[in-house]
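Going by my numbering, the letters in the sequence shown line up with residues 6 to 131, in that order. Even for Gly, the Cβ is constructed at its ideal location relative to N, Cα and C. The model shown is predicted, which means the values in this text are computed figures rather than measured ones.
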Amino acid sequence: MPYLFECTSISRALTPAVTATNDAKEPKLSRWILKLPQANLPLTRLSCARRTALFERAVALYEEVADDRGGKYRRHLGSATWVQTPDRPAKEFVMTIGSPLQTDTLILETHNGDNPSIELDKFQVF
Numbered sequence: 006m007p008y009l010f011e012c013t014s015i016s017r018a019l020t021p022a023v024t025a026t027n028d029a030k031e032p033k034l035s036r037w038i039l040k041l042p043q044a045n046l047p048l049t050r051l052s053c054a055r056r057t058a059l060f061e062r063a064v065a066l067y068e069e070v071a072d073d074r075g076g077k078y079r080r081h082l083g084s085a086t087w088v089q090t091p092d093r094p095a096k097e098f099v100m101t102i103g104s105p106l107q108t109d110t111l112i113l114e115t116h117n118g119d120n121p122s123i124e125l126d127k128f129q130v131f
């Protein structure tokens, strides 16, 4: 049966369940696990809001995918540098997701270096 696939400009927001996790082995790493309602969603972007006023971080987004042998590897979905200063009024960070998902879990992480970890909330995916 033939069908027509139309890409529209309509974008719906989903609010994932978010868990902030810190690894005791890597105290300078901040990680947020975003649980989606189902796998293989055609997401195009991720947004979140910051509560920390001043920082500069490289942020990476990935998912852990199982390979043919049952092992897991990181599948890179996007990265960006986020610079936030007190004179910038925007509190929201938006990252484009470069490829379709394979799982129902996203992982957002950043290295804090010697700085305190940043506080993020209001996560949404589109």
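Asked	Found
Please report the Cβ distance between residue 39 and residue 106, rounded to the nearest whole angstrom; I am assuming they are in contact, meaning their Cβ atoms lie under 8 Å.	Going by Cβ atoms, the distance from residue 39 to residue 106 rounds to 11 Å, so no, they are not a contact pair.
In angstroms with no decimal places, state the Cα-to-Cα distance between residue 79 and residue 29.	20 Å
Please identify the residue among 81, 114, 73, 58 whose C-alpha is closest to the C-alpha of residue 33.	114
Just how far apart, CA to CA, sit residue 24 and residue 69?	16 Å
Is the beta carbon of residue 84 sitting closer than 8 Å to the one on residue 54?	no
Report all residues from its chain with a CB closer than 7 Å to the CB of residue 90; omit the five preceding and five following residues, and keep chain order.	59
Confirm, please, whether the CB-CB distance from residue 129 to residue 35 is below 8 Å.	no
Considering only the beta carbon of each residue, do residue 108 and residue 50 sit closer than 8 Å?	no
Helix, strand or coil for residue 89 per DSSP?	strand
Residues in its own chain within less than 7 Å of residue 127 by CB, not counting five upstream and five downstream?	53, 54
Could you have a look at residue 32 and say whether DSSP puts it in helix, strand or coil?	strand
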